[in-house]
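Chemist: For what it's worth, UniProt numbering labels the leading residue of the sequence shown as 1, then goes sequentially.
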Amino acid sequence: MDFQVEDSGFECVTTPIISIGAFRYLVGPEPIASYTQSPIHPSSATIPLPITVIRVGQSQEIDAGWLKAQIRKWLAVDDVFSLAFAENIIFQVEPISSQILPGPPRVIDDLVGAFPWSETWKLYPDPYGAFMYGVIPSTKEPMSFQRIPTNLIPVPSRLYTPIPTAQTPLWGKRLAVKDIYDIRGLKTSAGCKAYSAFQDPAKETAAAVQELINRGAIIVGKTKTVQFASGMSPRDWVDYQCPFNPRGDGYLDPDCSSSGSAAAIAAYKWLDCAIGSDTLGSMVGPAAACGVFGLRPTQGTISNNGGLPVSGLLDTPGHFSRSIACLTQFAAGWGTLRSLPDRIECMKEPPEEVMASPELFLSTTMATIQLHDSYHNNLKFRSAYKEMYGSEPYVDPLIRYKWDLGSKITDGQYEEACTKKAIFADFLFNHVFTSETIMLFPGGDEDITYRDEYTSGDIQQSGYKWQGFGFPNTIYSVLGGGPSLSFPIGQREYRSKVSGGGEYQPVSLMMLGAKGTDMQLLKFAEHILDKLGGAALLEVKAGKTVYAESELLSATSP
1 MDFQVEDSGF ECVTTPIISI GAFRYLVGPE PIASYTQSPI HPSSATIPLP
51 ITVIRVGQSQ EIDAGWLKAQ IRKWLAVDDV FSLAFAENII FQVEPISSQI
101 LPGPPRVIDD LVGAFPWSET WKLYPDPYGA FMYGVIPSTK EPMSFQRIPT
151 NLIPVPSRLY TPIPTAQTPL WGKRLAVKDI YDIRGLKTSA GCKAYSAFQD
201 PAKETAAAVQ ELINRGAIIV GKTKTVQFAS GMSPRDWVDY QCPFNPRGDG
251 YLDPDCSSSG SAAAIAAYKW LDCAIGSDTL GSMVGPAAAC GVFGLRPTQG
301 TISNNGGLPV SGLLDTPGHF SRSIACLTQF AAGWGTLRSL PDRIECMKEP
351 PEEVMASPEL FLSTTMATIQ LHDSYHNNLK FRSAYKEMYG SEPYVDPLIR
401 YKWDLGSKIT DGQYEEACTK KAIFADFLFN HVFTSETIML FPGGDEDITY
451 RDEYTSGDIQ QSGYKWQGFG FPNTIYSVLG GGPSLSFPIG QREYRSKVSG
501 GGEYQPVSLM MLGAKGTDMQ LLKFAEHILD KLGGAALLEV KAGKTVYAES
551 ELLSATSP
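#1: Can you look up residue 120 in the DSSP assignment and give me helix, strand or coil?
#2: Only counting the same chain, and skipping five residues up and downstream in sequence, which positions put a Cβ closer than 8 angstroms to that of residue 297?
#3: Where do the N-terminal and C-terminal ends of the beta strand (DSSP E) with residue 372 fall, by residue?
#4: Using CA coordinates, which residue listed in 218, 197, 191, 194 is at the minimum distance from residue 169?
#5: Please determine, among 140, 381, 404, the residue with the shortest C-alpha to C-alpha distance to residue 464.
#6: In terms of residues, what are the limits of the alpha helix (DSSP H) holding residue 260?
#7: Which residue comes first and which comes last in the beta strand (DSSP E) that contains residue 495?
#8: My guess is that residue 120 and residue 26 are in contact by the Cβ rule of under 8 angstroms, so how many angstroms apart are they, rounded?
#9: Output needed for residue 609: all residues of its chain with C-beta closer than 6 angstroms, excluding positions within five of it in sequence on either side, in chain order.
#10: Taking the alpha-carbon of residue 536 as reference, which of 442, 381, 491 has the nearest alpha-carbon?
#11: Within 10 Å of its beta-carbon, does residue 221 have 16 or more other beta-carbons around it, so buried, or fewer, so exposed?
#12: Look up residue 397 in the DSSP assignment and say whether it is helix, strand or coil.
#13: Taking just the CA atoms, how far does residue 308 sit from residue 512?
#14: Report the rounded CA-to-CA distance for residue 577 versus residue 128, giving the unit in angstroms.
#15: I'd like the list of long-range same chain contacts for residue 77, defined as Cβ closer than 8 angstroms, with 5 residues on each side in sequence excluded.
#16: Could you give the distance in angstroms between the alpha-carbon of residue 186 and the alpha-carbon of residue 427?
#17: Going by C-alpha to C-alpha distance, which of 540, 379, 270 sits closest to residue 310?
#18: Which whole-angstrom value describes the C-beta separation of residue 475 and residue 417, a residue pair presumed to lie in contact below a C-beta threshold of 8 angstroms?
#19: Would you kindly check if the distance between the Cβ of residue 263 and the Cβ of residue 130 is under 8 angstroms?
#20: Identify, in the order they occur along the chain, each residue of the same chain with its Cβ nearer than 6 angstroms to the Cβ of residue 393, setting aside the five sequence neighbours on each side.
#21: For residue 524, report the span of its alpha helix (DSSP H) as first-last.
#22: On the criterion of 16 or more Cβ atoms from any shown chain inside 10 Å, does residue 419 qualify as buried, or is it exposed?
#23: Considering only the alpha carbon of each residue, which of 374, 495, 24 lies closest to residue 154?
#24: Between which two residues does the beta strand (DSSP E) containing residue 318 stretch?
#25: In the DSSP assignment, find the unbroken beta strand (DSSP E) run with residue 178 in it and report its ends.
#26: For the alpha helix (DSSP H) that contains residue 464, what are its first and last residues?
#27: Based on the DSSP secondary-structure assignment, which residues constitute the bridge partners of residue 92?
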């Protein structure tokens with residue numbers, strides 16, 4: 001067995017990284033149990049030793065066949081466990097200590113006088129740059145987390161977690177979180193180095209994140225975001241590099257602010273779900289670009305407390321997954337139907353100007369609201385930063401452009417935009433959407449957009465498209481408040497300027513529904529995909545292509 005110990009270089013975590021064969025593992029900073037006599041006597045007494053702890057009942061009959069069956073089962077369901085952990089096995093006969101978690105893997109430090117057992121995490125690389133950093137639970141404060149300053153992401157064994165229950169249906173599900181949401185013990189960067197440096201570690205975890213933790217989800221890291229959850233092209237990122245979209249030739253645009261979460265789900269099969277946010281389309285856009293499932297829930301049903309706001313009128317947390325079943329499971333974990341908005345009673349007939357030209361009537365509504373709110377929501381940070389350091393914080397050029405636009409919006413313009421939003425939302429509620437109504441739109445960009453392409457013109461021209469002007473197809477959910485679901489339905493071949501050969505781009509649809517129909521929308525999409533292609537369309541692959549070629553042929557054949 002190839003076994004090495006290396007210095008983790010952790011600022012706050014004193015613990016080694018060990019190499020076992022081709023894989024690296026993080027040893028927990030604090031032991032979960034300790035024995036004064038070691039049941040295992042390794043040849044070396046100075047390095048951590050991988051072990052497996054098996055909890056068995058007093059009447060359990062154990063033989064070689066039973067043990068081999070257990071190991072085969074673990075290898076099938078867990079990517080952290082390996083045969084190296086089966087070289088040293090300790091049987092824990094119940095009842096002994098309830099403090100020891102059942103199942104592998106463990107690491108034992110064979111030290112003189114005491115033998116502490118430590119939890120281990122497998123360390124995965126992040127070649128697509130989707131993460132800011134990985135995290136593990138804090139050993140100092142309950143319900144708190146600590147950062148691991150390395151480009152590796154730690155994931156716990158799936159064997160640590162008990163069987164899911166009605167109260168904890170997400171037990172063991174691995175979750176990444178967009179770095180605009182507070183997690184207790186960690187700084188929130190909002191994609192901005194100046195903002196991160198100015199912040200203290202969060203004292204509380206954002207409500208939406210905590211809800212999933214309470215349901216059993218396990219946080220493994222924070223993902224990258226466009227600064228202040230805004231819209232921006234990959235070449236406009238300055239403080240951090242934009243995540244890479246794993247689909248196609250690896251150089252397609254991953255789309256806007258939730259791109260880190262979407263890229264992580266598209267790239268890494270060891271990750272189950274990722275939280276993003278949506279103001280103008282930052283859930284459905286990256287989901288389509290990266291070929292994954294993404295839901296913008298009914299606005300206002302999931303708390304955004306603890307999340308950096310763009311606009312309280314438009315913001316909502318959302319989530320990505322590679323399967324419609326997992327997306328539905330996390331939506332249910334959030335309880336998206338627990339607090340539906342009240343019906344808004346106003347005019348029964350929309351104004352003539354709406355019927356005559358809704359595109360003209362609403363052409364500046366989304367932009368006015370989000371520009372005004374984004375500017376005012378960040379004034380406190382900018383003022384406090386300038387008072388402390390004597391200068392404005394550095395932000396990306398498109399953010400400066402955005403805040404400049406927001407500073408020029410008058411109270412009257414903002415109030416008019418809010419009124420138009422209410423009129424349009426009421427129109428959709430009373431005249432368009434019922435519990436049995438859906439809208440379908442093409443998802444994503446119909447063109448091939450590369451991450452290295454520059455928009456012609458100055459910053460006003462390049463930044464204008466990201467502010468919500470015009471009448472994009474996301475306007476129905478953004479202003480109307482209903483759920484919006486992006487889901488892959490195929491992939492199309494294109495000639496890559498990068499590889500010079502044929503590559504595949506995801507093809508998606510966007511489905512909209514009435515307020516509060518989130519779960520119905522998910523179930524209907526699942527029904528459509530099942531009828532079109534069965535299992536081949538209900539879950540996508542991680543990596544270059546959305547589907548394996550054989551699955552795609554099966555799904556599209558008559």
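Glycine included, C-beta positions come from ideal geometry on N, C-alpha and C.
Keep in mind it's a predicted model, so treat the numbers as computed, not measured.
Modeler: Quick answer:
#1: By one-based count along the sequence shown, residue 120 stands at place 120. Strand at residue 120.
#2: Indexing the sequence shown from 1 puts residue 297 at position 297. Contacts found: 316, 317, 318, 331, 334, 336, 483, 518.
#3: Here residue 372 corresponds to residue number 372 of the sequence shown, with the count starting at 1. Element bounds for residue 372: not the beta strand (DSSP E) but the alpha helix (DSSP H), 365-377.
#4: Reading the sequence shown from its first residue, position 169 is the one you call residue 169. The shortest C-alpha separation from residue 169 is found at 218.
#5: Within the sequence shown, numbered from 1, the residue matching residue 464 stands at position 464. The candidate whose alpha carbon is nearest that of residue 464 is 404.
#6: One-based indexing of the sequence shown puts residue 260 at position 260. Where residue 260 is concerned, the enclosing alpha helix (DSSP H) stretches over 259-267.
#7: Numbered from 1 along the sequence shown, position 495 holds the residue referred to as residue 495. Run containing residue 495: 484-495, per the beta strand (DSSP E) assignment.
#8: Position 120 of the sequence shown holds residue 120. Position 26 of the sequence shown holds residue 26. Confirmed, about 7 angstroms.
#9: The structure shown does not extend to residue 609, since the chain spans only 1 to 558, so no value can be given for it.
#10: Mapped onto the sequence shown, residue 536 falls at position 536. Residue 536 has its Cα closest to that of 491, out of 442, 381, 491.
#11: Locating residue 221 in the sequence shown gives position 221, where the first residue counts as 1. Buried, since its Cβ has 16 or more Cβ neighbours within 10 Å.
#12: As a working mapping, residue 397 is identified with position 397 in the sequence shown. Helix at residue 397.
#13: On the sequence shown, position 512 is the one that residue 512 refers to. On the sequence shown, position 308 is the one that residue 308 refers to. Each residue's alpha carbon lies about 25 angstroms from the other.
#14: With the chain running from 1 to 558 in the structure shown, residue 577 is simply not present.
#15: One-based indexing of the sequence shown puts residue 77 at position 77. Correct list, in chain order: 158, 159.
#16: Residue mapping note: residue 186 aligns to position 186 of the sequence shown, counting from 1. Residue mapping note: residue 427 aligns to position 427 of the sequence shown, counting from 1. Roughly 43 angstroms between the two C-alpha positions.
#17: Walking along the sequence shown from the start, residue 310 turns up at place 310. It is 379.
#18: In the sequence shown, the residue the question calls residue 475 occupies position 475. In the sequence shown, the residue the question calls residue 417 occupies position 417. Contact doesn't hold; Cβ gap of about 13 angstroms is too wide.
#19: The residue given as residue 130 occupies position 130 in the sequence shown. The residue given as residue 263 occupies position 263 in the sequence shown. Going by C-beta atoms, residue 130 is nearer than 8 angstroms to residue 263.
#20: For the purposes of this step, residue 393 is taken as residue 393 along the sequence shown, with counting starting at 1. If we look at residue 393 and ignore the five residues flanking it on each side, its Cβ neighbours are 194, 385.
#21: Taking the sequence shown and counting its residues from 1, the one referred to as residue 524 is at position 524. From DSSP, the alpha helix (DSSP H) with residue 524 extends over 518-533.
#22: Numbered from 1 along the sequence shown, position 419 holds the residue referred to as residue 419. The residue is exposed, with fewer than 16 neighbouring Cβ atoms inside 10 Å.
#23: For the purposes of this step, residue 154 is identified with residue 154 of the sequence shown, where counting begins at 1. Selected option, being the one with the closest Cα: 24.
#24: Residue 318 sits at position 318 when you count from the first residue of the sequence shown. First-last of the beta strand (DSSP E) with residue 318: 316-321.
#25: Residue numbering aside, residue 178 sits at position 178 when the sequence shown is read from its first letter. Start and end: 174-178.
#26: Stepping through the sequence shown from its first residue, residue 464 is reached at position 464. 459-464 is the span of the alpha helix (DSSP H), which, as asked, contains residue 464.
#27: Within the sequence shown, the letter at position 92 stands for residue 92. DSSP output for residue 92 lists 55 as bridge partner(s).
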